[in-house]
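In terms of the numbering used here, the sequence shown opens at residue 10 and continues consecutively. So the structure is just underneath, and the comments pick up after that.
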Amino acid sequence: MNSKLGLVLSGGGAKGAYQVGVLQYMAEIDMNVDAVSGTSIGALNGAVVSAEKSLVKGANVLLSIWSELSVCSPMKFQGLQSNGFISVPEIFTLLLPRAQLVSPLEALSKLSQYSDIGEDIRAWFDSDYKNSEEYKIKLEEDNKGWLSSAPSLDILNKYASKDKLVKGLEFYVGLYESRGVVADFSEYVKGDYLRFKDTKESQFWRVQDLPLEIVHEAILASAALPIFFNGRVIKGKVYRDGGVGGAATQSGNTPVRPLVDSGCTHIIVTHLNDGSFWNRHDFFDVNFIEVRPRKSISNSITDLMAFKPEAIEKWIDQGYHDAKRCIGNVRNAKILVEENKAAQSTIDNQIIHLDDDDFDVNG
């Protein structure tokens with residue numbers, strides 16, 4: 010059976026910089042892969058690797074891209090005034106009180122000044138309004154998120170064109186069929202943070218099988234976190250961040266399944282937090298190397314949006330050293346085993362040669 014090496018790039022917003030460090034180490038030891046799968050930021054990073062047809066080349070391109078992102082954040086609010094607008098930490102505090110950075114009432118007071126985004130927040134707290142015809146009509150008419158996906162599309166157009174992707178390295182992205190922006194977000198929170206119940210499974214699409222016109226749409230959908238980014242309409246259905254699916258078990262955010270189904274015998278899985286609930290034992294007859302942060306790379310959920318030079322540089326460096334520890338140790342052990350096998354084979358061949366020469370090894 011021929012071996013096939015796959016690479017999984019998990020979701021995690023700005024923490025995707027960690028993956029750049031992992032790829033830098035893999036490039037350093039000249040380790041290429043046969044297939045890639047990604048969700049959310051992992052889908053965007055994976056697209057670059059796939060388009061380059063080479064992990065080594067893709068790693069160098071990604072380092073350049075993330076250096077740009079550290080000085081020019083891709084977090085662009087769409088259709089809103091930026092002066093005095095609610096900050097990302099305040100958004101997360103409002104939606105996920107665990108962050109505890111500002112009071113929800115303070116954040117709500119700021120939201121009411123801008124556009125109709127406050128209606129989504131109102132629906133979050135007011136179940137009667139959430140179920141009203143007024144809000145249902147609003148959802149049907151307006152699928153906009155708070156942040157623009159234009160910067161991500163610019164990166165895809167520049168570094169991972171549709172033509173390059175359909176001819177590139179085998180590549181899968183995780184997407185979640187939307188039930189509505191508020192429903193998606195609330196289900197995600199219940200599954201990933203509160204663990205009340207799991208969400209339905211994400212879908213995994215092979216990019217090379219897609220019509221050219223929806224290649225980028227599929228990747229953008231994979232990175233469309235509910236409320237924050239537009240869901241993408243593909244063939245009459247709205248799709249969002251694949252990390253929403255299987256949230257309690259991280260099956261959508263850690264898209265291993267498509268690589269297993271495609272015949273990968275060995276898979277490197279990159280995690281963007283040290284407490285991922287994904288379990289390698291759900292899969293049989295596959296050899297996994299998991300790259301997990303030795304030290305936490307996230308102190309709060311606000312790190313999802315922390316496109317700051319100091320954070321990105323730190324995460325790239327940590328990804329490199331964690332990969333060296335996790336992949337390097339396995340690689341070195343494999344080299345030792347192969348060297349021992351080669352040495353034993355040499356000894357066996359020499360003994361056979363001596364036997365052929367009628368040399369008595371017993372004296």
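We put the beta carbon where it would ideally sit given N, CA and C, even for glycine.
Beta-bridge annotation (DSSP): W214 is paired with V182. The beta carbons of L156 and F237 sit closer together than 8 angstroms. Sixteen is the threshold: since fewer than 16 other Cβ atoms of the shown chains lie within 10 Å of the Cβ of H290, the residue is exposed. The alpha-carbon of G272 is positioned some 21 angstroms away from that of E210. Under the Cβ criterion (8 angstroms, minimum of three pairs), the region 212–229 counts as touching the region 183–195. A check of alpha carbon separations from K167 across L178, I223, V70 identifies V70 as the nearest.
Counted as a single uninterrupted DSSP element, the stretch harbouring I236 is not any beta strand (DSSP E), since DSSP gives it neither H nor E. In this structure, L72 sits away from V45, with a CB-CB distance that is not shorter than 8 angstroms. For the pair V65 and A26, the CB atoms are not nearer than the 8 angstroms cut-off.
By a beta-carbon distance limit of 8 angstroms, D207 contacts T258. Their separation comes to about 6 angstroms.
I277 is bridged by DSSP to L16, I298. For I50, the enclosing alpha helix (DSSP H) begins and ends at 50–61. Going by DSSP, I164 is part of the alpha helix (DSSP H) stretching over 159–168.
DSSP, reduced to helix, strand and coil, places S305 outside both helices and strands of the structure shown, so it counts as coil. In the structure shown, the three-state DSSP call for D207 is coil. Residue nearest to V295 within the set P302, K304, P267 is P267 (criterion: CA-CA distance). Contact check for G240 against T48 fails: the beta carbons are separated by 8 angstroms or more. With contacts defined by Cβ atoms closer than 8 angstroms, I336 and I298 form a contacting pair.
By the CB criterion at 8 angstroms, G177 and K62 fall inside the cutoff.
Around the Cβ of G252, a 10 Å sphere holds 16 or more other Cβ atoms; the residue is buried.
Straight through space, the alpha carbons of V269 and A320 are spaced by roughly 33 angstroms. For R289, there is no enclosing beta strand (DSSP E), since its DSSP letter is neither H nor E.
DSSP, reduced to helix, strand and coil, places D39 outside both helices and strands of the structure shown, so it counts as coil. For L156, the secondary structure class from DSSP, reduced to helix, strand or coil, is strand.
Under the three-state reduction of DSSP, V265 is assigned to coil, being neither helix nor strand. Counting every other CB atom within 10 Å of its CB across the protein chains shown gives F180 a total of 16 or more, marking it as buried. DSSP, reduced to helix, strand and coil, places G255 outside both helices and strands of the structure shown, so it counts as coil. In the three-state DSSP reduction, R241 falls in the strand class (E or B). By the C-beta density criterion, F293 is exposed, having fewer than 16 other C-beta atoms within 10 angstroms. Counting only residues of its own chain and dropping the five nearest sequence neighbours on each side, V175 has a CB closer than 8 angstroms to the CB of V216, Q217, L219, L221, V224. A Cβ-Cβ separation of about 18 angstroms leaves A332 out of contact with G20 under the 8 angstroms criterion. By DSSP's assignment, A44 forms a beta bridge with G15, E179. Look at R334 here: in three-state DSSP terms it is helix. Going by DSSP, R249 is part of the beta strand (DSSP E) stretching over 246–250.
Within the same chain, Cβ atoms closer than 6 angstroms to the Cβ of Q33 are found at A68, Y329, the five residues on either side in sequence being excluded. Taking a C-beta distance under 8 angstroms as the contact criterion, L18 and G51 qualify as a contact pair.
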